[in-house]
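To keep things clear, I will list the structure first and then write my remarks on it.
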Amino acid sequence: MDTAPTDAALSPDDRDFVTALASGLDVILAFDEAHPRMTLSEVAARTSMNRARARRFLLTLHALGYVRKDHRHFELAPRVLQLGYAFLSANNYRHLIQQVLEDITAESGESSSLGVLDGDEVTYVARSASRQRLMAITLAVGTRLPAAYTSMGRMLLAQLDDQALDAFLERVTLEPFTDTTITDRSALKAAILSARELGYAIVDQELDSGLRSLAVPAYDAHGELIGAINISTNAARIDHDTLLERYLPLLQEKARQIRANVS
37 MDTAPTDAAL
47 SPDDRDFVTA
57 LASGLDVILA
67 FDEAHPRMTL
77 SEVAARTSMN
87 RARARRFLLT
97 LHALGYVRKD
107 HRHFELAPRV
117 LQLGYAFLSA
127 NNYRHLIQQV
137 LEDITAESGE
147 SSSLGVLDGD
157 EVTYVARSAS
167 RQRLMAITLA
177 VGTRLPAAYT
187 SMGRMLLAQL
197 DDQALDAFLE
207 RVTLEPFTDT
217 TITDRSALKA
227 AILSARELGY
237 AIVDQELDSG
247 LRSLAVPAYD
257 AHGELIGAIN
267 ISTNAARIDH
277 DTLLERYLPL
287 LQEKARQIRA
297 NVS
């Protein structure tokens, strides 16, 4: 009888692990904002595959409609969006969450998002954008950012148990994105534990100069963690006092609204 826990992740050397599927997903994920179109050689380099292997996966994805081919270059096709939409459509709360985020933007004039922890990164799964652009990159559903340097990421890391948090701190690469980025592991742990105690996280210009954000956790009616919701602001316009006195109560109110309506 197989007594392995049903939620345990397979290791790559497990006989049930499908290496070809994993490699195909690696090829899809190799495309991003900085690499929207690539040659075969570029895809091979970004996925650490040899050219022959990368070529087979690219041509298969092209045949399935997930990749476009233009002479020597490849790029993702719109059909890839179905993969992300499948996640969103499987969660019956997505419309309510979107409305909550839009209400936050309407009341604050700032962008608001819902993110979930995925490995060592935060993935944006819903977003309401203000007219003011805050970062050099365009944030959208599906954007992934380092959990260590985002308010949503730190709030979600604060939900981990001590063992999982220590494992994260041991493996994560701490990169100085700005002059204020925390790169000391002990200091980062202290910031995450502070978020756990306070029930909110503020990250001030650690990922991008001028970006100041605040996040709180979002739960469903059963107390299960859905993700974290945030407000992203321009540090030149919004100071810490405004975050705490005006925006924190707003986020907390919306988090209670989510908990009351998502079963």
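The opening residue of the sequence shown carries number 37 in the numbering used here; numbering runs sequentially from there.
Note that beta-carbon positions come from the ideal geometry of N, C-alpha and C, so glycine has one too.
For residue i: DSSP bridge partner residues
| i | result |
| --- | --- |
| D68 | H71 |
| D106 | H109 |
| R163 | S149 |
| V158 | L153 and L181 |
| T83 | DSSP output for T83 lists no bridge partner at all. |
| I133 | Per DSSP, none; premise fails for I133. |
| S268 | S147 and S249 |
Closest by C-alpha distance to residue i, when choosing among the options
| i | options | result |
| --- | --- | --- |
| F67 | E281, T83 and T55 | T83 |
| T55 | F93, L76 and E69 | F93 |
| D202 | T186, V177, I228 and T216 | I228 |
| A291 | L137, L210, R282 and G246 | L137 |
| S177 | T96, G189, I274 and S164 | According to the sequence as given, residue 177 is Val; it is not Ser. Here the closest residue by C-alpha is S164. |
| P212 | G189, D244, L261 and S147 | D244 |
| A223 | D49, H131, A184 and Q134 | A184 |
| A271 | L196, Y255, A231 and S249 | S249 |
| Y236 | R130, Q195, A58 and N86 | Q195 |
| L284 | I262, R51, V252 and L46 | V252 |
| M188 | E260, A231 and I294 | A231 |
Secondary structure of residue i, DSSP reduced to three states
| i | result |
| --- | --- |
| N297 | helix |
| P182 | strand |
| D50 | coil |
| S144 | helix |
| I274 | coil |
| P41 | Caution applies to P41, whose pLDDT of 44 falls short of 50 and renders its modelled position unreliable; the value that the coordinates give is listed next. Three-state result, P41: coil. |
| V208 | coil |
| D197 | coil |
Interface flag, residue i vs chain D, CB-CB below 8 Å
| i | result |
| --- | --- |
| A99 | Here there is only one protein chain, and chain D is not present. |
Curious, which full-length beta strand (DSSP E) runs of at least 3 residues does the region 210-263 contain? 237-240 and 247-255
With contact counted as at least three CB pairs below 8 Å, one residue from each stretch, are the region 112-119 and the region 228-248 in contact? With the cut-off at 8 Å, the region 112-119 and the region 228-248 do not touch.
So, does the region 145-165 touch the region 213-224, judging by three or more C-beta pairs under 8 Å? no
Touching or not, the region 87-103 and the region 59-79, by the rule of three or more beta carbon pairs under 8 Å? yes
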